[in-house]
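S.K.:
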Amino acid sequence: EHFPYLGSLLSVQCTSKDVEKRIQAAHSVFGKLFRGVFGTSSFTMQTKMMVYNTIVVSTLRYD
1 EHFPYLGSLL SVQCTSKDVE KRIQAAHSVF GKLFRGVFGT SSFTMQTKMM VYNTIVVSTL
61 RYD
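Every letter in the sequence shown is one number past the one before it in the numbering used here, and letter 55, counting from 1, is 55.
#1: Among 39, 42, 32 and 43, which residue has its Cα nearest to the Cα of residue 55?
#2: Grab the span of the beta strand (DSSP E) containing residue 3 for me, first residue to last.
#3: Roughly how many angstroms lie between the CA atoms of residue 12 and residue 3, to the nearest whole one?
#4: Leaving out five residues on either side along the sequence, give the residues of the same chain with a beta carbon under 7 Å from the beta carbon of residue 29.
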């Protein structure tokens, strides 16, 4: 059995190539931002959370 979710068809077991692709894309974006943003003390936690939610989470949801 399948159902639509955010423009993708998911199975009951929650497997989907689209979901795997989004997870990989979000992981890649996070990795690229880690050294310059997340892995440094130059930014406040609030700024890091804004960047994370704006870029990484958006990539996970909508890529």
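We put the beta carbon where it would ideally sit given N, CA and C, even for glycine.
Since we're looking at a predicted model, the values are computed, not measured.
M.R.: From the atom records:
#1: For the residues 39, 42, 32 and 43, the minimum Cα distance to residue 55 belongs to 32.
#2: Residue 3: member of the beta strand (DSSP E) spanning 2-5, first to last residue.
#3: Each residue's Cα considered, the two are about 8 Å apart.
#4: A distance below 7 Å between beta-carbons, with the five flanking residues on each side excluded, links residue 29 to the following residues of its chain, in chain order: 55, 56 and 59.
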